[in-house]
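The structure under discussion appears below in the form of structure tokens.
Numbering (this note's numbering), first residue to last: 5 to 423.
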């Protein structure tokens, strides 16, 4: 059948509506599909948030629209959308439900890792084809008890027995793990390996046991259902990606996390600003001839949002260029200054947009006042604010700032091409 996500010309969205956008036949296929899925997500966003439940209806809509395989290359039956387009989809979904958008972003990051580092293996190629056919949902388990959010170290290790492996991991969080069809798990290469000698393993639901070890009763992002689990999985050796996890993290997982998560935060802030704009217009109509007092705050919020959108657009394009050229030959030819500069750019994009998104919604709350503070109004932004408080914590901004400082210490220049 025809794929509605067949590759279209890249076009970023303008200012979104305060509710989920309405799909139009004139839209590119992937964008119209994202708008239809967002419309479903918007219907259930408050229920998902209130009950801290998985956004099943929205994910089912993503499956119907075949958006879960959006980043799978054409060679495996997918439409092969790029990072810029995936970022635009994340923004659109986030205007409706931040949890749905974050789940979608995380899933696409896992798809990218398998594509770039596992497509030489028949098992991994077959999995990508299955993602397209069955619209499988993938999650990740990179945190570990007693290690926390430091994804560069592992306590658990792969145990190899002939052509098969076994892995057991105590993960404090596996976002939507109970609802995933597969999970990408970090572990030490062997029981004798040091903590930093890690690999990434793709495990499937049929051969994975998840023992729940805690509830997910969080301030925000409640629909991500990031519960803790004891994970025990088995499989064949081709489920282990051959590239060291350190390279996967540096070249793909972290850059895409920073950019796609930032797309989510920008989408949340966009919807909040549109609510503030609607509130401002309603005030102006109620008192013709006088400008509402919140005008300067609205101008400030719009200005901050525009800066976020511009910074995000540049970051997505940079991440797409790197994602398209990740291979051994390109890495060998890339100057160290360019590698350090890209890492610095991705780090600062994450920290700046995660902080600015919060600032934008705080301005919106001051504009809308009690109408924004109360739940259940058309100007409510409590969910937006609570969801965005997760942004500086997802890979701690303090940890990223320290890493950025270390990168800057070895760069000759950070504002010109002469690094």
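Ideal placement from N, C-alpha and C gives every residue a C-beta, glycine not left out.
C-alpha of residue 363 to C-alpha of residue 162: approximately 43 Å in a straight line. Taking a cut-off of 8 Å on C-beta distances, the segment 119 to 135 touches the segment 233 to 245, as three or more cross pairs fall below it. For the 8 Å CB-CB criterion, residue 411 and residue 355 do not form a contact. With a cutoff of 8 Å on beta-carbon distance, residue 266 and residue 155 are scored as not near each other. Segment contact: the segment 82 to 93 against the segment 254 to 266, three or more CB-CB distances shorter than 8 Å; contact assigned.
Residue 158 and residue 233 have their alpha carbons spaced roughly 16 Å apart. With a beta-carbon spacing of about 19 Å, residue 203 and residue 184 fall beyond the 8 Å limit used to define contacts.
Beta-bridge partners of residue 165 (DSSP): 168. The segment 290 to 304 makes no contact with the segment 52 to 69; the number of CB pairs closer than 8 Å stays below 3.
In this structure, DSSP gives residue 145 an extended state, which the three-state scheme calls strand. Going by DSSP, residue 233 is part of no alpha helix (DSSP H) but of the beta strand (DSSP E) stretching over 230 to 240. Burial check for residue 53: the Cβ neighbour count within 10 Å reaches 16 or more, so the residue is buried. From the listed residues 93, 324, 327, 361, the smallest Cα separation to residue 312 is found for 361.
Taking 8 Å as the cut-off, the Cβ atoms of residue 250 and residue 187 do not count as close. Taking the Cα positions, residue 175 is about 16 Å away from residue 208. About 7 Å separates the beta carbon of residue 227 from that of residue 57, a gap short enough to meet the 8 Å contact definition. For residue 90, the uninterrupted alpha helix (DSSP H) segment begins and ends at 87 to 98.
About 14 Å separates the beta carbons of residue 109 and residue 42, which is beyond the 8 Å limit, so they are not a contact pair. Under DSSP, residue 214 shares a beta bridge with 235. Closest in C-alpha terms to residue 151, from the list 200, 116, 327, comes 200.
Across the set 218, 374, 93, the C-alpha of 374 shows the shortest separation from the C-alpha of residue 283. Our two residues, residue 59 and residue 291, have alpha carbons roughly 41 Å apart in a direct line. Around the beta carbon of residue 40, a 10 Å sphere encloses 16 or more other beta carbons of the protein chains shown; the residue is thus reported as buried. Looking at 328, 172, 221, 140, the one whose alpha-carbon comes closest to that of residue 193 is 172. When the beta-carbon positions are compared, residue 384 and residue 224 stay at least 8 Å from each other. Along the segment 266 to 343, the alpha helix (DSSP H) occurs as fully enclosed runs of 4 or more residues at 299 to 328, 332 to 337, listed in sequence order. Relative to residue 222, the option among 55, 305, 195, 317 whose CA is nearest is 55. Between residue 141 and the set 378, 75, 401, the nearest pair of CA atoms involves 75. In the three-state reduction of the DSSP assignment, residue 252 falls in the helix class. Residue 371 places its beta carbon less than 8 Å from that of residue 301. In the DSSP assignment, residue 189 forms a beta bridge with 145, 205.
A direct Cα-Cα distance of roughly 27 Å separates residue 128 from residue 321. In this structure, DSSP gives residue 399 a state outside helix and strand, which the three-state scheme calls coil. Proximity to residue 254 across 401, 287, 326, 318 peaks at 326, based on C-alpha coordinates. As computed with DSSP, residue 244 is found in a beta bridge with 205. Between residue 96 and residue 271, the CB-CB gap stays under 8 Å.
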